[in-house]
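Asks: First, the structure itself, so that you have it in front of you.
The structure is reproduced here in structure tokens:
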């Protein structure tokens, strides 16, 4: 599955519409906002959480077995705080994986020389 990320979705909303302010990536006080900024924050956060929960459920149903769900990335903590479908939170997993690949490839190149 490939979906637009939290920040890409927010930026698209703000850049593609007139007069909407940039907002902080924080949990709003309420789901039903009392001003434009809070409504944007709520719509993005809870919309993304709903999308995540739905996709995880559909994937588990399709695979017909339990799956380990790992949250990664800079917004993982905020999103994980609003759902119980994330089993492990590792914000730097992608970067750690890239570093491991770099080390493995560097070592292999050294051996070939």
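Residue numbers (my numbering): -16 to 96.
Think of the CB as a built atom: it goes at the ideal place given N, C-alpha and C, for glycine as much as any other residue.
Going by the beta-carbon positions, is the gap between residue 92 and residue 65 smaller than 8 Å?
Replies: For this step, residue 92 is matched to residue 109 along the chain shown. For this step, residue 65 is matched to residue 82 along the chain shown. No, Cβ-Cβ distance for residue 92 and residue 65 is not below 8 Å.
Asks: Which of helix, strand or coil does DSSP assign to residue 72?
Replies: The residue labelled residue 72 in the question sits at position 89 within the chain shown. Residue 72 falls in the strand class under three-state DSSP.
Asks: In this structure, how does DSSP classify residue 53 when only helix, strand and coil are distinguished?
Replies: If you number the chain shown from 1, residue 53 lands on position 70. If DSSP states are grouped into helix, strand and coil, residue 53 belongs with the strands.
Asks: Look at the Cβ atom of residue 61, then the Cβ atom of residue 10, and state whether they are nearer than 8 Å.
Replies: As a first step, residue 61 must be located in the chain shown, where it is residue number 78. As a first step, residue 10 must be located in the chain shown, where it is residue number 27. Yes, Cβ-Cβ distance for residue 61 and residue 10 is below 8 Å.
Asks: Just curious, the alpha helix (DSSP H) that residue 39 is in, first and last residue?
Replies: In the chain shown, residue 39 corresponds to position 56, counting from 1. Taken as a continuous stretch (DSSP letters only), the alpha helix (DSSP H) holding residue 39 covers 19 to 46.
Asks: Taking the continuous alpha helix (DSSP H) assigned at residue 62, which residues delimit it?
Replies: The residue given as residue 62 occupies position 79 in the chain shown. Looking at the DSSP string, the run of the alpha helix (DSSP H) that includes residue 62 is 59 to 63.
Asks: Secondary structure at residue 0, three-state DSSP: helix, strand or coil?
Replies: Position 17 of the chain shown, counted from the first residue, corresponds to residue 0. Residue 0 falls in the coil class under three-state DSSP.
Asks: How should residue 23 be labelled, buried or exposed, when 16 other C-beta atoms within 10 angstroms of its C-beta is the threshold for buried?
Replies: Sequence index remark: in the chain shown, residue 23 carries index 40 (1-based). Per the 10 Å Cβ criterion, buried.
Asks: By DSSP, does residue -10 sit in helix, in strand, or in coil?
Replies: Stepping through the chain shown from its first residue, residue -10 is reached at position 7. Three-state result, residue -10: helix.
Asks: Quick one, which of 32, 3 and 31 has its alpha-carbon nearest residue 18's?
Replies: To locate residue 18, count along the chain shown from 1; it is residue 35. Residue 3 is the option with its Cα nearest to residue 18.
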